[in-house]
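First comes the structure, then the notes that go with it.
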Amino acid sequence: MRSLLSSTLPGLYFVCLAVKFGCSAGALDFTNAFESFKYFPRGIAIFDEDEDGDLDCLRAKLTKFQNDSATYVWFVKGDPPKRIAVDIQPGPTPDVVVYEMDNDKGHEHKAYFFYIDYNCMLHDFYHNGNRECVMWVQPDIAENLPQICTDKYLEYCNTQKIVYDKDSCSEFMDFD
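Its first residue numbered 29, the sequence shown is counted upward by one per residue in our numbering.
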């Protein structure tokens, strides 16, 4: 029971996740979650909700984008560092994508997107047995976040745990 609002901007429209979040009309800038990936060839996770460290210094690189599927490779800092393939398909509504990690066929999950613009994406998703709320940003703004991205994260996610900082992550931010 998600409601689509009629306000339209070039490539953007407004969506409210009314049942899950009880938001009001016009509260959420949104674009088609799956289509937005072509504008995010690389991303850095800035915030997540918990303090377990599993997303610290997480970066992602888009390796495939087609009309009905996309693949990101996540680079996870650790000892040793890990690469995780995330295969994505459009979901049942514009604010949802369906994904599986590391070719784990039969274990599809849904990610719910709350806010997307050309600088940041906010969504929750299933990872390591838990739902996580995460903010991804374009790499060139990781050190200078637009206030709207931070504000939207605080509005839609319960807590704000920084998972990226230049000192801890800079040696790990090579996307090649």
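We put the CB at the ideal spot given by N, CA and C, even for glycine.
Burial state of residue i (16 or more Cβ within 10 Å)
{"i": "residue 150", "result": "buried"}
{"i": "residue 182", "result": "exposed"}
{"i": "residue 155", "result": "buried"}
{"i": "residue 71", "result": "buried"}
{"i": "residue 107", "result": "exposed"}
{"i": "residue 193", "result": "exposed"}
{"i": "residue 38", "result": "Below a pLDDT of 50, predicted positions are generally treated as unreliable, and residue 38, at 27, falls in that range; no measurement from the model is reported."}
{"i": "residue 176", "result": "exposed"}
Residues of its chain near residue i, where Cβ-Cβ distance is below 8 Å and the 5 sequence neighbours each way are ignored
{"i": "residue 96", "result": "117, 118"}
{"i": "residue 111", "result": "101, 102, 103, 104"}
{"i": "residue 171", "result": "194"}
Cutoff 6 Å; reference residue i; Cβ partners in own chain excluding five residues on either side
{"i": "residue 5", "result": "Nothing can be reported for residue 5, as the shown portion of the chain is limited to 29 through 204."}
{"i": "residue 141", "result": "61, 123, 151"}
{"i": "residue 197", "result": "85"}
{"i": "residue 136", "result": "126, 128"}
{"i": "residue 91", "result": "99, 101"}
{"i": "residue 64", "result": "144"}
First and last residue of the uninterrupted beta strand (DSSP E) at residue i
{"i": "residue 65", "result": "That residue, residue 65, is in no beta strand (DSSP E); it is neither H nor E in DSSP."}
{"i": "residue 137", "result": "137-144"}
{"i": "residue 92", "result": "87-93"}
{"i": "residue 128", "result": "124-129"}
Residue interval of the alpha helix (DSSP H) (run including residue i)
{"i": "residue 175", "result": "175-184"}
{"i": "residue 148", "result": "That residue, residue 148, is in no alpha helix (DSSP H); its beta strand (DSSP E) goes 148-155."}
{"i": "residue 105", "result": "Run containing residue 105: none; DSSP gives neither H nor E here."}
{"i": "residue 266", "result": "Summary: the structure shown does not reach residue 266, with the chain confined to residues 29 through 204, and so no result is reported for it."}
Beta-bridge pairing of residue i - partner residues as DSSP gives them
{"i": "residue 160", "result": "153"}
{"i": "residue 115", "result": "99, 128"}
{"i": "residue 72", "result": "87, 165"}
Same chain, Cβ closer than 7 Å to residue i, neighbours up to 5 away in sequence not counted
{"i": "residue 66", "result": "93"}
Exercise for the section: Please determine if the stretch 162-169 and the stretch 114-132 are in contact, where contact requires at least 3 C-beta pairs separated by less than 8 Å. Expected result: Result no; under three Cβ-Cβ pairs closer than 8 Å.
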